[in-house]
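**Student:** If you scroll down you'll find the structure; I have some questions about it.
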Amino acid sequence: MKLSKNLIFSYKLILVQSTMVIAMISPLFAAENIGVPQDYQMIFQDAATPNMVDITWFHNLFLFPVMLAIALFVTLLLIYVMFKFSAKKNPKPSKTSHNSLIEVLWTVIPVIILVAISIPSFRILYTQQAIPVDADLTVKATGYQWYWGYEYPDNDAIYFDSLPLEEEELTEGKIRLLSVDNPLVVPAGKVVRVQITSSDVIHNWAVPSFGVKMDAIPGRLNETWFKVDKPGVYYGMCSELCGVRHSFMPIEVHVLEQNDYNNWLNMAKDQFANNNYFQNNKQLVRLVN
2 MKLSKNLIFS YKLILVQSTM VIAMISPLFA AENIGVPQDY QMIFQDAATP NMVDITWFHN
62 LFLFPVMLAI ALFVTLLLIY VMFKFSAKKN PKPSKTSHNS LIEVLWTVIP VIILVAISIP
122 SFRILYTQQA IPVDADLTVK ATGYQWYWGY EYPDNDAIYF DSLPLEEEEL TEGKIRLLSV
182 DNPLVVPAGK VVRVQITSSD VIHNWAVPSF GVKMDAIPGR LNETWFKVDK PGVYYGMCSE
242 LCGVRHSFMP IEVHVLEQND YNNWLNMAKD QFANNNYFQN NKQLVRLVN
């Protein structure tokens with residue numbers, strides 16, 4: 002017996018929808034590593050900051066179920082309509098012009114859904130944008146084509162460039178296209194204010210596990226913040242198309258215990274205080290090449 006075109010189409014539609022749902026849910030059960038992207042990853046990295054905890058909660062337990070419910074409802078409704086109102090069952094199609102009840106429902110229900118989504122969204126957005134006035138540390142990140150420069154204005158004007166490691170420089174524990182020569186270093190459990198700007202084109206300073214993503218715009222100083230309690234290494238990337246080497250602008254952040262951070266700070270004051278990028282011949286050669 003041959004299947005009707007409508008039935009075949011509905012089977013294909015169900016298959017596509019099922020595949021999409023499985024693809025979105027399966028990463029939730031995959032092995033995760035804080036601060037490092039995983040192969041075939043489609044869901045968030047483990048949260049390293051309170052802001053990212055809120056974002057993850059909102060997406061996984063609120064927004065995603067709402068999207069899934071809407072997708073399933075529309076799919077089932079489409080299948081129902083294909084069978085209920087097929088040409089075979091309805092040789093004389095209905096000439097109904099409107100239905101007041103249905104029109105009210107498909108207007109009111111989406112409004113209710115959007116309002117429900119907006120309530121936690123606005124709270125999370127406010128928390129992200131409200132920079133704590135009592136930040137423990139201020140760091141300035143400047144985007145260049147194609148690397149990042151970091152400055153600690155409260156610590157003897159420490160400044161250094163952060164360039165991706167070349168293939169031959171990769172050692173054990175280093176990650177291709179993510180590890181850098183001079184990572185950003187911050188203390189654990191402290192509020193870090195990040196001032197972000199650019200010297201040429203628009204870049205974007207983004208660290209997924211921090212829940213931080215802020216444009217670096219020439220002539221403008223944007224601010225964001227984070228607080229990481231767990232020491233470790235966290236990675237990000239420039240997330241704004243900025244030219245031919247856009248994909249070679251990694252961000253590496255080392256979060257250290259306070260004593261270890263103090264030791265690094267003393268070393269950095271000797272090595273990077275009042276540092277001038279144009280005096281670093283090694284970085285100049287690497288940038289040109």
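Remember, the working numbering sits 1 above the position in the sequence shown when you count from 1.
Glycine included, every Cβ here is placed at the ideal spot set by N, Cα and C.
No experiment lies behind these values; they were computed from the predicted model shown.
1. Measuring alpha carbon to alpha carbon, tell me which residue in G237, V193 and A131 is nearest K214.
2. Measuring CA to CA, which of D162, I113 and S200 is closest to L222?
3. Would a C-beta distance cut-off of 8 Å place I162 and G144 closer than the cut-off?
4. Counting C-beta neighbours from all protein chains within 10 Å, is the total for L164 16 or more, i.e. buried, or is it exposed?
5. Buried or exposed: where does I56 fall if 16 or more other Cβ atoms within 10 Å of its Cβ makes it buried?
6. Which of helix, strand or coil does DSSP assign to R124?
7. Any contact between the segment 177 to 191 and the segment 225 to 233? By contact I mean 3 or more CB pairs, one from each, below 8 Å.
8. Kindly indicate which three-state DSSP category L58 falls into: helix, strand or coil?
9. Where do the N-terminal and C-terminal ends of the alpha helix (DSSP H) with Y81 fall, by residue?
10. Could you tell me the alpha carbon to alpha carbon distance between S210 and V109, rounded to whole angstroms?
11. Kindly indicate which three-state DSSP category S210 falls into: helix, strand or coil?
12. How about E253 and P184: do their beta carbons lie closer than 8 Å?
13. For E168, which of helix, strand or coil comes out of DSSP?
14. I need the straight-line Cα distance from L77 to K93, nearest angstrom please.
15. Residue range of the alpha helix (DSSP H) that Y262 falls in?
16. Closest to P232 by C-alpha separation, out of I71, Y41, A207 and A48, would be which residue?
17. I need the boundaries of the beta strand (DSSP E) containing W41, first residue and last residue.
18. Give me, in chain order, the residues of the same chain whose beta-carbon lies closer than 7 Å to that of K175; leave out the 5 immediate sequence neighbours on both sides.
19. Contact check, A142 vs V202 under 8 Å by CB: the rounded distance?
**Tutor:** Reading off the structure:
1. G237
2. S200
3. Inspection of the sequence shows that residue 162 is occupied by Asp rather than by Ile. It is not a contact, given that the beta carbons lie outside the stated cut-off.
4. buried
5. buried
6. helix
7. yes
8. It is Trp, not Leu, that sits at residue 58 in the sequence shown. It is helical.
9. Its alpha helix (DSSP H) spans residues F65 to K85.
10. 36 Å
11. helix
12. yes
13. DSSP places E168 in helix when its eight states are reduced to three.
14. Counting only the Cα atoms, K93 lies some 24 Å from L77.
15. Q259 to F273
16. A48
17. Reading the sequence as shown, one finds Tyr at residue 41 and not Trp. Run containing Y41: none; DSSP gives neither H nor E here.
18. L166
19. At roughly 15 Å, the Cβ-Cβ gap does not stay under 8 Å, so A142 and V202 are not in contact.
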